[in-house]
Amino acid sequence: MEIPSRYSRHTRFQPIGEAGQQQLINSRVAIVGLGALGTVLANHMVRSGVGFIRIIDRDFVEESNLQRQILYDEEDANLHTPKAIAAASKLRLINSLVEIEPHIADLNSANAEQLLSNVDLILDGTDNFTVRFLINDVAIKHQIPWIYGGAVSSRGVSYTIIPDQTPCLRCLFHSAPALGTTDTCDTAGVIGTIIHVVASFQATEAMKLLIGDRDHLQGRMNQWDLWENHYSSIDVSKARKVDCPACGKHDYEYLDAVLDEEWIQTLCGRDSVQIHPVQATSLSLEQLEQKLQALGDTTRNRFLLKFAPSAHIRMMIFPDGRVMIQGTDDIVQAKTLYAKYLGM
Ligand SMILES: [Zn+2]
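If you read the sequence shown in the numbering used here, its first letter stands for residue 1, the second for the next number, and so on.
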């Protein structure tokens, strides 16, 4: 098959060439999280011509995202468009040859194997270790390479994981840092430029992996601090542990975790609680809006219903029964609000 001329700068780049570009076109990638890293990753993958890209995110666009999350604009923020939907429409405008499969979903142990199946590579655009360990479990179990990335403040980190060949994320970090002990973008801020350094590194490793150029994989634990002018790359090749729960013992603690009836998370630093029914339901947002209109302000788009029962509380309700409650980090209060207005 002839390579489309839009990829001429790739095909002239000798390490990729026509054969490499054809492999990119034949490749399938999943991107978890469409915040800062995820939007830059998706942008690179789509412009590179990766043939199929599944994008997964649970959140909707807010104004404070626009400083660094490159696929969104003010209209997306005004309309509270789910990030997966806003990103998909922008990505399709960038390259109509790529198949984009958006999922408005929260990656968890109940859906991770399905959402991460049938891809050649998983890219990490998430912001927390619980989800990363879940990705790690799926990747090891199904032998899918994945590329870890993180950024906060002016610091970033990235590392490429190939099951059975490199140490996995749990060889390097046995458990997730306790909540509150690490900086997050919400507490420490982040500059947009570090995002591009980390995501561009991840995307370059992704291209090498997808075209089979494993000799050029960098394979080290990389750390940057752009403000402090610091870069280090650490050789971790000997860090693989025989008793690693994931790649050593194949005990997939995060993937095999049984979710309670409702899966409740406080969203760190955001004064928000998310409640996720384990059994996905199918809500009619229109009917629910009719019911809630008398009880507070409502606005609705195709993908979510926003309901403000009081001046300080906003509930973002998704059709699968998932609700993000903004304005509290109190799980009991959140559960009470959920029961009161969604009646389940
Ligand atoms: Zn391991």
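Just so you know, even glycine gets a beta-carbon here, dropped at the ideal spot from N, CA and C.
From a predicted model like this one, the values you see are computed outputs, not experimental measurements.
Starting from residue i, follow the alpha helix (DSSP H) in both directions and report where the run begins and ends.
{"i": "I31", "result": "Where I31 is concerned, there is no enclosing alpha helix (DSSP H), although the beta strand (DSSP E) it sits in stretches over 28-32."}
{"i": "M45", "result": "36-48"}
{"i": "S89", "result": "83-94"}
{"i": "A110", "result": "Premise fails: A110 is in no alpha helix (DSSP H) and is neither H nor E."}
{"i": "T204", "result": "192-210"}
{"i": "K291", "result": "285-292"}
{"i": "A334", "result": "331-342"}
{"i": "R9", "result": "8-11"}
{"i": "A239", "result": "Run containing A239: none; DSSP gives neither H nor E here."}
{"i": "T76", "result": "Here residue 76 turns out to be Asp, not Thr, going by the sequence shown. Segment 74-79, the alpha helix (DSSP H) holding D76."}
Can you tell me whether residue i is helix, strand or coil according to DSSP?
{"i": "G17", "result": "helix"}
{"i": "H276", "result": "strand"}
{"i": "S175", "result": "coil"}
{"i": "N222", "result": "strand"}
{"i": "M315", "result": "strand"}
{"i": "T130", "result": "helix"}
{"i": "Q165", "result": "coil"}
{"i": "A246", "result": "coil"}
{"i": "Q69", "result": "coil"}
{"i": "L217", "result": "coil"}
{"i": "E62", "result": "coil"}
{"i": "A188", "result": "helix"}
{"i": "I25", "result": "helix"}
{"i": "I135", "result": "helix"}
{"i": "R170", "result": "helix"}
{"i": "L255", "result": "coil"}
{"i": "L115", "result": "helix"}
{"i": "S5", "result": "helix"}
Going by DSSP, what residues sit across from residue i in a beta bridge?
{"i": "V152", "result": "R155"}
{"i": "H103", "result": "I56"}
{"i": "A308", "result": "D297"}
{"i": "Q265", "result": "Q274"}
{"i": "I140", "result": "Note: I140 sits in no beta bridge, so no partner."}
{"i": "I147", "result": "L123, T160"}
At which residues does the beta strand (DSSP E) containing residue i begin and terminate?
{"i": "L121", "result": "121-124"}
{"i": "V323", "result": "323-326"}
{"i": "Y231", "result": "230-234"}
CB-CB under 8 Å to residue i, same chain, minus the five flanking residues each way: which ones, in chain order?
{"i": "Q23", "result": "L210, I211, G212"}
{"i": "I94", "result": "N43, V46, R47"}
{"i": "A334", "result": "I264, V273, I275, I325, T328"}
{"i": "N349", "result": "Since the first and last residues shown for the chain are 1 and 344, residue 349 lies out of range."}
{"i": "Q165", "result": "none"}
{"i": "L285", "result": "R300, L304, L305, I317, P319"}
{"i": "D271", "result": "Q326, G327, T328, D329"}
Can you list, in chain order, the residues of its chain with a C-beta nearer than 6 Å to that of residue i? Leave out the 5 residues immediately preceding and following it.
{"i": "W224", "result": "G156, V197, Y231"}
{"i": "S154", "result": "I191, I194, D225, L226, W227"}
{"i": "H10", "result": "I16, Q21"}
{"i": "G38", "result": "I31, G125"}
{"i": "M1", "result": "none"}
{"i": "T81", "result": "V61"}
{"i": "H142", "result": "none"}
{"i": "D76", "result": "V61, A86"}
Can you find the residues in the same chain that come closer than 7 Å, C-beta to C-beta, to residue i, ignoring five residues on each side of it along the sequence?
{"i": "V347", "result": "Coverage of the chain is limited to positions 1 through 344, which leaves residue 347 absent and any answer about it impossible."}
{"i": "Y148", "result": "D124, R132, S158, Y159, I161, L169"}
{"i": "L288", "result": "L305, I317"}
{"i": "L360", "result": "Any answer about residue 360 is impossible in this case: the structure gives the chain only from 1 up to 344."}
{"i": "A112", "result": "L134, V138, L255"}
{"i": "L41", "result": "I31, L123, G125, A199, Q202, A203"}
Just confirm the distance between the C-beta atoms of residue i and residue j, as a whole number of angstroms; I'd bet it's less than 8 Å.
{"i": "V61", "j": "K83", "result": "6 Å"}
{"i": "L66", "j": "A87", "result": "The Cβ separation is near 13 Å, so there is no contact."}
{"i": "L115", "j": "I56", "result": "6 Å"}
{"i": "R163", "j": "I140", "result": "Note on residue identity: the sequence assigns Pro, not Arg, to residue 163. Going by Cβ atoms, the distance from P163 to I140 rounds to 5 Å, so yes, they are a contact pair."}
{"i": "I85", "j": "I100", "result": "Going by Cβ atoms, the distance from I85 to I100 rounds to 10 Å, so no, they are not a contact pair."}
{"i": "P4", "j": "L97", "result": "6 Å"}
{"i": "K241", "j": "G248", "result": "6 Å"}
{"i": "D127", "j": "G189", "result": "In fact, because the Cβ distance is near 13 Å, the residues do not count as touching under 8 Å."}
{"i": "P309", "j": "Y338", "result": "That belief does not hold up - the Cβ atoms of P309 and Y338 are roughly 11 Å apart, past 8 Å."}
{"i": "R6", "j": "V119", "result": "Not really, about 23 Å apart at Cβ, beyond 8 Å."}
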